[in-house]
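Participant: There's a structure below that I have some questions on.
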């Protein structure tokens, strides 16, 4: 790998680190949302108000984490990827973080996150089929020698 491209170990460590950070907040959001629904059903307006504030705080953290990794992926990691495997890995990761946004966003923001998810996963799928073909020097030189 070039100096700008992460090694397999580095990209796996980055992925696991972000999955751990985002996973804890996604779990918290699901639990808080469930409690919010139960409290709404019971008519506990005071509880619902406090729970909504806490849910909004979790959503802000989720948004910030996703925005950070998506910026890193768009500006550094995907452009620096020199192999098909690396590019596919980062495009799938991009799809994952847009999907996490779509889990809690609403309205147009949710629609945009869902569209971005699909675009990233489709790009990864296309790259999976074609990138290694073009990145493989043996195949390249055999064809274009």
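Numbering (this note's numbering), first residue to last: 1 to 145. We treat Cβ as the ideally placed atom computed from N, Cα and C, and that holds for glycine. This structure is a prediction, so every number in the text was calculated from the model and none was measured.
Take the Cβ of residue 126 as the centre, count every other Cβ of all protein chains shown within 10 Å, and call the residue buried at 16 or more, exposed below.
Facilitator: Counting Cβ neighbours within 10 Å, residue 126 comes out exposed, since fewer than 16 surround it.
Participant: Taking residue 4 as part of the alpha helix (DSSP H), name the residues at either end of that continuous run.
Facilitator: Element bounds for residue 4: n/a, residue is neither H nor E.
Participant: Using the C-alpha atoms, what's the distance from residue 31 back to residue 57?
Facilitator: Answer to the nearest angstrom: the Cα atoms are 14 Å apart.
Participant: Can you list, in chain order, the stretches of the alpha helix (DSSP H) that have 4 or more residues and sit fully within the stretch 36-121?
Facilitator: Runs found: 45-72, 84-104.
Participant: Looking at residue 92 and residue 124, is the spacing between their C-beta atoms short of 7 Å?
Facilitator: It is a contact, given that the beta carbons lie within the stated cut-off.
Participant: Where does residue 13 land, buried or exposed, given buried means 16+ other C-beta within 10 angstroms?
Facilitator: Under this definition residue 13 is an exposed residue.
Participant: Would the beta-carbon of residue 18 fall within 7 Å of that of residue 69?
Facilitator: Contact flag set, yes.
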